[in-house]
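Structure first, then comments.
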Amino acid sequence: MQDVKDVVCKVYENVHLEEGIAVLKEFLVNAYMYRGISVKEMSRMLNLPVPVVSAMKNEFKKNGIADLSNGICLTEVGEYYVKDVLGYKNVDMDVLDDILENPDIDLDSFENEIEELRQVYDSRPEVDVEVDQSKCTAETGIKRAVLMLKSGCLIGKKIACVGDDDLISIAIVLVLKHIAVSDNLDKMADITVFDIDKRILAYIKKNSEKYRIDIDCVQHDFCNPIDNEYKNKFDCVITDPPYTLNGLNLFLSRGISILKKESNLCLFLSFAHKTPQVRFLMQQLFVSEGLILSDIYSKFNSYEGAQILGGVSDLMVLTTTTQYTKEVISGVYSEEIYTGKFKQTVRTYECKQCSEKYMVGINQKITTVEQLKSQGCLKCNTNKFNLIKKG
1085 MQDVKDVVCK VYENVHLEEG IAVLKEFLVN AYMYRGISVK EMSRMLNLPV
1135 PVVSAMKNEF KKNGIADLSN GICLTEVGEY YVKDVLGYKN VDMDVLDDIL
1185 ENPDIDLDSF ENEIEELRQV YDSRPEVDVE VDQSKCTAET GIKRAVLMLK
1235 SGCLIGKKIA CVGDDDLISI AIVLVLKHIA VSDNLDKMAD ITVFDIDKRI
1285 LAYIKKNSEK YRIDIDCVQH DFCNPIDNEY KNKFDCVITD PPYTLNGLNL
1335 FLSRGISILK KESNLCLFLS FAHKTPQVRF LMQQLFVSEG LILSDIYSKF
1385 NSYEGAQILG GVSDLMVLTT TTQYTKEVIS GVYSEEIYTG KFKQTVRTYE
1435 CKQCSEKYMV GINQKITTVE QLKSQGCLKC NTNKFNLIKK G
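One rule links them: number in the numbering used here = place in the sequence shown (from 1) + 1084.
So, in structure tokens, the structure goes:
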């Protein structure tokens, strides 16, 4: 059998698609899922002009990938490529189609996965506020993974989590399990997690083993460049960086550095809803990095106990361009990136029972209210407190 990867690259060169090779792969997946699809419907699904889609189908036919005798179908070679190279061999196509056909993210069908992820979350390491960790809800974790699935960024993809204190890597595994025919998930996606926290990485590794999928866990401080072995290797990136402009700039730059040099690759960014002035600066940053702000999902993410954020944050989908996307920060970064370093807030909590007072903050003995509640009042041993002062 001919090397289908080479054929797809050849078609890409012949059609001269500015949209990138990812669109050709999407064409083949659509032809696999919707056998006999018309050119007009394919044009609508790909958001491309009909003449461009016609050129694509003709090139695929010329190279033995497509059969055009009754709409757009795939030959045996084309089906092999979608199943074995693009990762669809273990996918229940009826389940996947139900998810993709729904314009919304319907979590009702993911109740089991949400409950399973909630159990994983219950035992995850405590947050380290010094590196801006927070805990998203299980619903949010699954919702992010489903959005990635609906965006064509899960099945068969090389996925990088640039920081993963929310354990989105595990949420991705559970969504893959939901659409899988068998329990062998190993070839359905290739997941790598980069994080500074050894506890998070160890916990992800431990949980991934029971799902028969290997998650590559890499301890890394993003103030340093990511190792060359990971450069330009990934199809998509997901990140929830420190909610500072410095943190945003750094994490996006590191994400860009490991994405393939292709157009239309996605970077899923969670970030706090900021003032109009800060949002303007964020958009300037996106432009300087050659990223397109494709979608904004307001209040998409919910967090446990994140009162400063109102318990929510936005999710943005950024896409790459071959010509313009570039990392702004390529070397070692020495500026502050974490919110605690910019605004070192100290809060005073009072025990509800005995009125004993405790200082909580980044440079205090007790850094979070969760730590205070876990420790309890040293005077009366209760674990209920009132916030009486911020400053």
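We put the CB at the ideal spot given by N, CA and C, even for glycine. Keep in mind the model is a prediction, meaning the values are calculated, not measured.
Sorting Val1371, Lys1474, Gly1247 and Asp1181 by C-alpha distance to the C-alpha of Asp1281 places Gly1247 at the top.
When the beta-carbon positions are compared, Tyr1327 and Lys1358 come within less than 9 Å of each other. Across the set Met1140, Phe1306 and Lys1344, the C-alpha of Phe1306 shows the shortest separation from the C-alpha of Ser1414. Residue pairing by DSSP puts Cys1350 in a beta bridge opposite Cys1320 and Thr1403. Listed as beta-bridge partners of Cys1245 by DSSP are Val1277 and Ile1322. Taking every protein chain shown into account, the CB of Pro1133 has fewer than 16 other CB atoms within 10 angstroms, so this residue is exposed. Following the DSSP letters along the chain, one finds Cys1461 in no beta strand (DSSP E), marked with neither H nor E. Out of Ile1340, Val1257 and Pro1209, the CA that lies nearest to the CA of Met1232 is found in Val1257. Shown here for Lys1344: same chain residues with a beta carbon closer than 6 Å to its own, the five before and five after excluded, namely Asn1316 in chain order. When Cβ pairs closer than 8 Å are counted between the two stretches, the stretch 1205-1223 is seen not to touch the stretch 1178-1186, the count staying below three.
For the 9 Å CB-CB criterion, Tyr1172 and Val1113 form a contact. Taken through DSSP and simplified to helix, strand or coil, Phe1194 comes out as helix. The beta carbon of Pro1309 sits closer than 8 Å to those of Arg1338, Ser1341, Ser1414, Gly1415 and Val1416, all from its chain and outside the five residues before and after it, given in chain order. Glu1210 places its beta carbon less than 9 Å from that of Gln1455. For Gly1331, the uninterrupted alpha helix (DSSP H) segment begins and ends at Leu1329 to Ile1342.
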